[in-house]
Each structure stands twice: as structure tokens, then as C-alpha cells.
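Input: a single structure, listed below in C-alpha cells.
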Amino acid sequence: MFDPIVPNTDPNAQVHFTFDGESIYTAPNTSVAAALLAAGHTWFRQMPVSGRQRGPFCMMGTCFDCLVEIDGITVQACVTTVTEGLNVTRVPQMHLQEGKFK
Amino acid sequence: MTPPQKPDLIVIGAGPAGLAAASQAAGHGAKVMLLDEQSAPGGQIYRNILSASAQQDTILGSDYTAGRPLAADIDTKSIDCRPNATVWKVGTDGAVTFNQNGVAQQVYGSHILLATGALERPIPLPGWTLPGVMTAGAAQILLKTSGLVARDAVLAGSGPLLYLIAAQMIAAGRPPKAMIETQTSGQFYGAMSHIGGAFPCWKQLLKGLKLIAKIRKAGVARYKGASNIEILGIKRAEAISFTVKGRTHRIDTDTVLLHQGVVPNTQITRSLGLKHRWDEKQRCFHPITDAFGQSSSKNISIAGDGAGILGAKVAEYSGRIAASNALALLDIITSTTRDKETRALRRSRRKEAAIRPFLDALYAPPPEILRPKGKTIVCRCEEVTADDIRSYVALGCKGPNQTKAFGRSGMGPCQGRYCGATVTEILAEETGIHPEQIGSYRIRAPLKPVTLGELASLAAVSEKEITS
Numbered sequence: 238m239f240d241p242i243v244p245n246t247d248p249n250a251q252v253h254f255t256f257d258g259e260s261i262y263t264a265p266n267t268s269v270a271a272a273l274l275a276a277g278h279t280w281f282r283q284m285p286v287s288g289r290q291r292g293p294f295c296m297m298g299t300c301f302d303c304l305v306e307i308d309g310i311t312v313q314a315c316v317t318t319v320t321e322g323l324n325v326t327r328v329p330q331m332h333l334q335e336g337k338f339k
Numbered sequence: 002m003t004p005p006q007k008p009d010l011i012v013i014g015a016g017p018a019g020l021a022a023a024s025q026a027a028g029h030g031a032k033v034m035l036l037d038e039q040s041a042p043g044g045q046i047y048r049n050i051l052s053a054s055a056q057q058d059t060i061l062g063s064d065y066t067a068g069r070p071l072a073a074d075i076d077t078k079s080i081d082c083r084p085n086a087t088v089w090k091v092g093t094d095g096a097v098t099f100n101q102n103g104v105a106q107q108v109y110g111s112h113i114l115l116a117t118g119a120l121e122r123p124i125p126l127p128g129w130t131l132p133g134v135m136t137a138g139a140a141q142i143l144l145k146t147s148g149l150v151a152r153d154a155v156l157a158g159s160g161p162l163l164y165l166i167a168a169q170m171i172a173a174g175r176p177p178k179a180m181i182e183t184q185t186s187g188q189f190y191g192a193m194s195h196i197g198g199a200f201p202c203w204k205q206l207l208k209g210l211k212l213i214a215k216i217r218k219a220g221v222a223r224y225k226g227a228s229n230i231e232i233l234g235i236k237r238a239e240a241i242s243f244t245v246k247g248r249t250h251r252i253d254t255d256t257v258l259l260h261q262g263v264v265p266n267t268q269i270t271r272s273l274g275l276k277h278r279w280d281e282k283q284r285c286f287h288p289i290t291d292a293f294g295q296s297s298s299k300n301i302s303i304a305g306d307g308a309g310i311l312g313a314k315v316a317e318y319s320g321r322i323a324a325s326n327a328l329a330l331l332d333i334i335t336s337t338t339r340d341k342e343t344r345a346l347r348r349s350r351r352k353e354a355a356i357r358p359f360l361d362a363l364y365a366p367p368p369e370i371l372r373p374k375g376k377t378i379v380c381r382c383e384e385v386t387a388d389d390i391r392s393y394v395a396l397g398c399k400g401p402n403q404t405k406a407f408g409r410s411g412m413g414p415c416q417g418r419y420c421g422a423t424v425t426e427i428l429a430e431e432t433g434i435h436p437e438q439i440g441s442y443r444i445r446a447p448l449k450p451v452t453l454g455e456l457a458s459l460a461a462v463s464e465k466e467i468t469s
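Chains as they are written, first to last, in this note's numbering: chain A, 238 to 339; chain B, 2 to 469.
As C-alpha cells, then:
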């Protein structure tokens, strides 16, 4: 789990976005991955092979374990900056059912 | 439409090497384009350096703030800076293709300077793919960019960065729950034979000792000579277990930060087919460069950790040296000017690099992490295990590329970045053939995922050029 060194309590200095429908507030210029980790989310994607859950590993755009979906496009959450009203979802796994390989 | 002016030098990567190179070249009046994947200059070491708060500065320390003048200097020079630019193809003809804000573009440079830095060495151990397990570098990036610090985390592995991050976590009021260190006393005595050579870097050695003293003072539990490290958990990290002197320990934690040093990011240099060499000490491939950073291709230079791990200061010197050499090759400056202005830089670089043999020996990664066995996942993306890779050899697999055909190893979105080194090591062990001969994955463009829309935007630009 991750804690902010300075809690961001000023509502005027916050950006709002959603993750799978959940409302999340974060500081401006925060990456989607950092904002989700700060909000307590640990897993972002399911593996296409096993359905196992993954979360951010490298935070520098190389591991691709933080893939999420924004406007229908799969992007790396760690290199995507949160903007107001952003609608982020987990990538749907069509061939997986309840996290298990079908 | 007037075609954009062709840059003399395209620098890829805005870390210490790239920033110094761009600044050096622009200082001589060369037309410089600087591409970087992040939104602001600094690379990973100086990430977010221009926006970090005073509190972040205090926590991260002087080695971090030292990068601020370098990053700030870029704005004072006439440089075509392209942040948020993801390079996905580089050609030996000087063509660089990249995405920026959803649009793909291709530019030609007379000379290309690659400053793509390093990435964390793969740390394949049981459970390293569980949510809650990250690289130590990732935790540091969170601290630099977002002021987030891991709570009750366990640090595991070895290397100077591990101590630096521990000290930064202590300064942020969240000391690590424990440090599990893989280096052995044997490694310590072995490294001592290099301590004399490291003497020119006594300030760095002293800094390291101070970090360790700080960790001790904070009362962080340290386990040295640890082996059989395993991260336990079903859906996420719940605990870490390991063996020290025959005794097995278990520590509950939901956050594990792994580190075994860093290795050069060779995606672009490999895709270009440049010559590489296996580094026996650092256990990785690096592109071959001459004293000025020139690669096996005349119009391509490499500076910084991407050419071999020597750290941020050396990267800065190497960036300036390589830029100066590139301008001499382009007849923008004379070779006499190049020799004159790089003399002191080369001396400083030699001095700064003197500590490496000591560090490489002291923090050499253990064989069980370099060449894992059993069900440990090697290829994270396609979930290919060490046993799988080993079994391919028995089936006649000849090299890293063939492991792709045998079981999709290295074919996921990371394109072998976090399994390439391990696959080479395992194949070398199984076949008895030296890693140099085993080689590595063949890397091809696109180096990063490209959408059809981005590809189409590239075609639209070319069409406009043709019809204008």
C-alpha cells in the first residue's frame, strides 16, 4: 500500500476520474497508475493466458502490467496522465469468465 | 507545405545522457531534436525534477536535485523538445518514427544519439508477478512523481539503489519493514580486491556508508546472504519467505520492492542490428561503442547507461562526449575542437567510473535469480516458466528467438524487456554455450504498441508531402 507524503485535501487542487465506475480524486499531473495505487487498487489487468491478476511493476512504461482501457484503447496506466472526467476501465477479457480460463 | 528542417542530431531519451548531449550540440548551433516518452525532462533518475516539491527534494536528496540545472538548461537552448513522444522505429538511414499525442510522425536526422538508459534487471523469483510486487525503482518513481511512499514494504535484492531507496523511505517517515539482501560475505571479500581501484570515488563510497548508517539508526531489520526468496500470496502479495544460514524466515507484507541492479535498455540498438557484447561482470548485453560513444553504425551513437551501466554522472559526461563527436562527424565542429572539449570530460568519466568493478563484484546478482529453475515465471507477459524454457532445449531449441516459436516467450507486450536476459542465461546454462554465442531476442519495430489510427496518421502526413 502507498501513502501520500502530503495528503491532498484541497478540493480545488483535485482532478476527478472514474475507474470501473468508481469515483477517484487525485492531484493534477498524476499518472493513472499512481492515482489508482493511491486509491488502494492493487490489480489493474488480468493475464490473457491464466486470468491471474497483475498490478504495476515498473512504473516506467516497460513492463505493460498496468494496462487499462481508456476510450476503447488499451493504454499503459503509468505513462497516461489523469485528466478531468477520464473514464478508465479494466480491459475486458472476453475469453475469461470470473477470472478463470474458459 | 514546406518540409520541416532536417535535424542535425536527433537525441532519443531526456535523462542525464540525452539532456547533456542535446545541450552540448545546441551550444554549437546544431539543429537538435530531443524526443522523450515522459511529459517532462529528467529520465528515470531525475524524474519530475522540474516540478518536485521542497519536501520531495529533502526526501530524495542531493543526488536527485543535482539533475535540476541539467534539465532546466534545456529550456535556455534552441532545441526542438518533444515530450510524450514514444519512439517505435529507428532506421540506420536516420529515420525516427514516433507517436506524440495520438499522431505518428517520422523525422530524419543526420545523426542519431540514443540515450535510452537502463531498466531494472529481471528478478525472476517465485511470486514476482503478484500484485503488490514492484521494482524498487518503481517505488522511487512514485515518490518522485506523485509523492507516494510505500507503507510497511519489504525491500529485497541487492545493489546501491536498494540502500538509497530505504534511506528515502526513512526520510519520508515510512521506513521499510525489512531489507532482505542477497549479497554474501564471500562477495564482500571478493569485492574488497577492487576497493583500491575505487579510491578515486571515495566520496561515493562514503555516501554509501552514510546510507547504511542511516538505515541502521532507523532500526530497519536487515537479513544478509538471503537465498530462496519467495513471495507468497494467492491473489496478491501477502508475505515473503527466504533462507539465511539454513534458517527459513517469513515476513508478512503486502508490498515487496525488488532490485538486482539495472541493465542497458537495448530495444532500439538491437532493432538496428548494431553489434553487442556480453558483459561477464554485469551479466547483460550492451551495444559496442568506441571511446566517443559511436556504435557499429557510423551515424548512430549511444551514451549513458544504454551503452553499459556506469551511472548518472558518467551518463552526463558520455552524452557530451558523444554529441561532440557526432558534430565532428557532421563537420559542424572540427575534430580538433572535439578532442579539446572532450579531454577533461573523458578524464572525469574515467574517474567517476572507477567505482564500478567494486560495485559489480559486491552486488553481483545470485545465480538462482540469474538462472531460475522450476515453476518460476520467466516471461511475465506470456507466463512462461523456467522449466518451460529448459524443456525447449531438450526439444531442440537453439536460441532465444526459437523460444518464441516453442512457447511464445518474449512475444507479449513488453517484447522481451523483462525476460530477454533470463532466457539467454538459461539457454546458456542448459546448452553449455556461452551467452555471447546464445545471443538475444531479435527485436523488431514497432518497439511499442501502435494503434491503427496512429499508423493511418503517418500515411496522411506522407500523402500530404507527396501531393504538395
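We put the CB at the ideal spot given by N, CA and C, even for glycine.
Anticipated Cβ contact below 8 Å, residue i with residue j, distance rounded
| i | j | result |
| --- | --- | --- |
| L10 of chain B | L114 of chain B | 6 Å |
| P177 of chain B | M170 of chain B | 6 Å |
| A240 of chain B | G247 of chain B | Not quite, the Cβ-Cβ distance comes to about 20 Å (not below 8 Å), so this is no contact. |
| L120 of chain B | R418 of chain B | 6 Å |
| E383 of chain B | R409 of chain B | 4 Å |
| Q403 of chain B | I444 of chain B | Their Cβ separation, rounded to whole angstroms, is 15 Å, which puts Q403 of chain B and I444 of chain B out of contact at 8 Å. |
| V319 of chain A | V252 of chain A | 5 Å |
| A329 of chain B | R344 of chain B | Rounded, the Cβ-Cβ distance is 14 Å, inconsistent with contact. |
| F200 of chain B | Y224 of chain B | Wrong, their Cβ atoms sit about 30 Å apart, outside the cutoff. |
| A53 of chain B | D37 of chain B | Their Cβ separation, rounded to whole angstroms, is 17 Å, which puts A53 of chain B and D37 of chain B out of contact at 8 Å. |
| S40 of chain B | N85 of chain B | 5 Å |
Top-ranked residue by Cα proximity to residue i, from the options
| i | options | result |
| --- | --- | --- |
| S194 of chain B | B:A365, B:I427, B:F359 | B:F359 |
| I261 of chain A | A:Q330, A:G322, A:V328 | A:G322 |
| R350 of chain B | B:E369, B:I370, B:G320, B:V379 | B:G320 |
| Q313 of chain A | A:Q330, A:P293, A:N324 | A:P293 |
| T246 of chain A | A:D257, A:A264, A:F254, A:V325 | A:A264 |
| N100 of chain B | B:Y109, B:G92, B:V88 | B:V88 |
| C315 of chain A | A:P244, A:L274, A:F239 | A:L274 |
| I60 of chain B | B:A227, B:T249, B:I289, B:V150 | B:V150 |
CB contact check: residue i to chain B, cutoff 7 Å
| i | result |
| --- | --- |
| T267 of chain A | yes |
| G300 of chain A | A quick correction: the sequence has Cys, not Gly, at residue 300 of chain A. True, the Cβ-Cβ gap to chain B drops below 7 Å. |
| F294 of chain A | yes |
| K339 of chain A | Legend: pLDDT at K339 of chain A = 42, less than 50; position of this residue unreliable, value from coordinates given subsequently. No, no contact with chain B. |
| P241 of chain A | yes |
| T326 of chain A | no |
| Q290 of chain A | yes |
| V286 of chain A | yes |
| A275 of chain A | yes |
| T317 of chain A | no |
| T279 of chain A | yes |
| F254 of chain A | no |
| A250 of chain A | no |
Closer than 7 Å to chain A by CB, residue i
| i | result |
| --- | --- |
| I142 of chain B | yes |
| G133 of chain B | yes |
| E38 of chain B | yes |
| A173 of chain B | yes |
| T3 of chain B | Low local confidence applies: a pLDDT of 46 at T3 of chain B is under 50, so the model's placement there is unreliable, and no value is given. |
| R152 of chain B | yes |
| S469 of chain B | Annotation note: pLDDT 45 at S469 of chain B (below 50); position unreliable, no value reported. |
| E455 of chain B | no |
| L120 of chain B | yes |
| G400 of chain B | no |
Enclosing alpha helix (DSSP H) for residue i [first to last residue]
| i | result |
| --- | --- |
| L346 of chain B | 336 to 354 |
| E259 of chain A | Looking at the DSSP string, E259 of chain A is not in any alpha helix (DSSP H); the run it does join, the beta strand (DSSP E), is 259 to 263. |
| W280 of chain A | Taken as a continuous stretch (DSSP letters only), W280 of chain A belongs to no alpha helix (DSSP H), as it is neither H nor E. |
| K364 of chain B | According to the sequence displayed, residue 364 of chain B carries Tyr and not Lys. Counting along the chain, Y364 of chain B falls outside any alpha helix (DSSP H), and DSSP gives it neither H nor E. |
| W203 of chain B | 203 to 218 |
| S186 of chain B | 186 to 193 |
| S392 of chain B | 387 to 395 |
Beta strand (DSSP E) segment containing residue i, residue limits
| i | result |
| --- | --- |
| K90 of chain B | 86 to 91 |
| R223 of chain B | 222 to 224 |
| E383 of chain B | Taken as a continuous stretch (DSSP letters only), E383 of chain B belongs to no beta strand (DSSP E), as it is neither H nor E. |
| E306 of chain A | 304 to 307 |
Handout entry: Inter-stretch contact at 8 Å, needing at least 3 Cβ pairs: the region 113 to 127 of chain B / the region 299 to 309 of chain B
Key = yes
Handout entry: Touch test, the region 280 to 295 of chain B against the region 353 to 369 of chain B, Cβ-Cβ under 8 Å, three pairs minimum
Key = By the Cβ criterion, the region 280 to 295 of chain B is in contact with the region 353 to 369 of chain B, since at least three pairs of Cβ atoms, one from each stretch, lie closer than 8 Å.
Practice task
Inspect the CB distances between the region 257 to 264 of chain B and the region 145 to 159 of chain B and report whether three or more fall short of 8 Å.
Solution key: Contact between the region 257 to 264 of chain B and the region 145 to 159 of chain B is present: three or more C-beta pairs spanning the two stretches fall below 8 Å.
Problem - Sufficient close CB pairs (3 or more, under 8 Å) joining the region 124 to 135 of chain B to the region 373 to 380 of chain B - result: Yes, they touch.
Practice task
Examine the Cβ distances between the region 63 to 70 of chain B and the region 32 to 49 of chain B and report whether three or more of them are shorter than 8 Å.
Solution key: yes
Handout entry: At least 3 beta-carbon pairs within less than 8 Å: the region 388 to 406 of chain B vs the region 140 to 155 of chain B
Key = no
Practice task
Would you check if the region 178 to 190 of chain B and the region 75 to 84 of chain B touch, i.e. whether three or more CB-CB distances between them fall below 8 Å?
Solution key: no
Problem - Touch test, the region 139 to 153 of chain B against the region 435 to 452 of chain B, Cβ-Cβ under 8 Å, three pairs minimum - result: no
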